[in-house]
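Heads up: the sequence shown begins at 2 in our numbering, then just goes up one per residue.
All C-beta atoms, glycine included, are put in the ideal place defined by N, C-alpha and C.
What follows is a set of notes on a single structure, which appears directly below.
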Amino acid sequence: MDKYLIVIVCGVVAGFLSRWIMLRSDYRHYPTYPHGQLIHLALGFIAASLGAVAVPAIMKPDYTAVTFLVLAAQQFRDVRNMERENLSKLEETKLIRRGNDYIEGIARVFEARNYLVIFTAFLTSLVVHWGGWPYAFLVGPLCIFLSIKMMSGQQLGEIVEVVPGTVHFQGALLMVEDVVIMNVGLPETKEKILQEGMGVLIKPKNDDARLTLHAPGQRQAIIHDVVSILGSKVDTAEPDLMPLARKQVDQGYLGLFMVANEPDLDYLIHIIKKVPVLESARGTTLESFYGRKAAD
């Protein structure tokens with residue numbers, strides 16, 4: 002009994018620490034409030050307990066007890082639905098929205114993190130059962146490290162180049178270099194845009210990146226992230242100051258325009274490079290046979 006208790010405790014501790022470390026609350030991640038964090042830490046503890054208890058159940062053997070993992074998988078799928086529903090409701094009060102693609106990506110991540118916690122707890126318990134509790138100090142940190150690496154997705158800076166772009170007008174058309182952004186009619190708004198507006202060009206490095214930038218969800222994610230940090234002077238019924246990302250239809254790159262509360266162009270470029278590449282928008286054209294042929 003004492004041996005199984007040590008096995009379970011080591012697995013639970015490793016799994017819970019894994020979930021605690023993977024819990025992020027920065028400008029891109031959710032939850033950002035203490036109650037939301039408590040909910041996910043509690044779910045992480047449950048996931049760690051499930052993974053740790055599975056090893057004694059198998060070794061006993063009591064294979065019937067392992068079937069509760071199936072029920073756990075259903076519960077963690079409900080976690081995804083819960084996050085999707087919560088974030089979708091929060092979207093209704095935002096001027097600059099994340100977009101459905103970004104929300105779905107966040108919801109998937111929260112479900113996947115619980116599975117990584119189960120994996121960490123299970124593997125730690127298994128090694129402790131075979132080799133003794135000192136091995137928990139080796140396999141536990143290793144599993145946590147692997148979990149963090151698996152959760153670190155691709156960033157936009159890996160697939161695009163971001164360069165400053167000149168904000169100017171051609172008649173009533175607001176432009177960033179040669180990319181048409183929108184039509185602006187009021188003279189005072191034009192003057193404010195020319196004084197305070199910032200523009201950048203986001204250029205894809207290959208056809209896969211071009212397809213990623215083509216997705217409206219990816220563009221909305223870029224806008225959301227930069228506004229979350231730099232702020233925006235847009236207000237209700239003020240469409241002329243709305244941050245926008247438009248495509249240069251012939252070349253496939255984006256022109257992004259915004260009037261920020263913190264007008265720092267260098268930091269704007271840095272933020273864009275750190276925007277996550279959404280799974281729903283990730284281009285894989287060059288990985289297919291016909292995609293490679295078309296790109297030749």
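Separation of residue j from residue i, as counted between CA atoms
i	j	result
Gly186	Pro264	23 Å
Asn101	Gly218	7 Å
Val8	Phe123	10 Å
His271	Phe138	37 Å
Ile149	Leu255	31 Å
Ile273	Ile223	6 Å
Gly132	Val163	51 Å
Lys204	Glu197	23 Å
Val140	Glu84	31 Å
Leu42	Trp21	7 Å
Pro188	Pro240	15 Å
Ser50	Glu178	56 Å
Gly232	Gly200	15 Å
Gln156	Leu279	9 Å
Lys191	Ala246	18 Å
Gln249	Leu143	45 Å
Lys206	Leu266	21 Å
Ile145	Lys61	27 Å
Thr125	Val161	39 Å
Val181	Glu86	35 Å
His169	Leu214	23 Å
Leu257	Gly158	15 Å
Three-state secondary structure (DSSP) of residue i
i	result
Leu195	helix
Val276	coil
Arg247	strand
Ala255	In the sequence under discussion, the amino acid at residue 255 is Leu, which differs from the Ala named in the question. Leu255: strand per DSSP, three-state reduction.
Gln219	helix
Val164	strand
Gly200	strand
Gln155	coil
Pro142	helix
Pro135	helix
Pro264	coil
Residue i, enclosing beta strand (DSSP E) - first and last residue
i	result
Pro62	Looking at the DSSP string, Pro62 is not in any beta strand (DSSP E), and its letter there is neither H nor E.
Val168	Val168 to Gln171
Leu174	Leu174 to Val177
Whole-number beta carbon distance between residue j and residue i, since they are thought to touch under 8 Å
i	j	result
Glu112	Arg78	6 Å
Arg99	Glu92	6 Å
Val227	Leu269	6 Å
Met23	Arg114	5 Å
Thr121	Ala15	5 Å
Ile119	Ala48	5 Å
N- and C-terminal bounds of the alpha helix (DSSP H) containing residue i
i	result
Val181	Val181 -> not in any alpha helix (DSSP H); beta strand (DSSP E) instead, spanning Val180 to Asn184.
Chain D contact for residue i (CB, 8 Å cutoff)
i	result
Val161	Chain labels in this structure do not include chain D; a single protein chain is all it has.
Residue i Cβ short of 7 Å to the ligand FAD heavy atom set
i	result
Lys204	Among the ligands in the structure shown, none appear at all, so the ligand FAD cannot be discussed.
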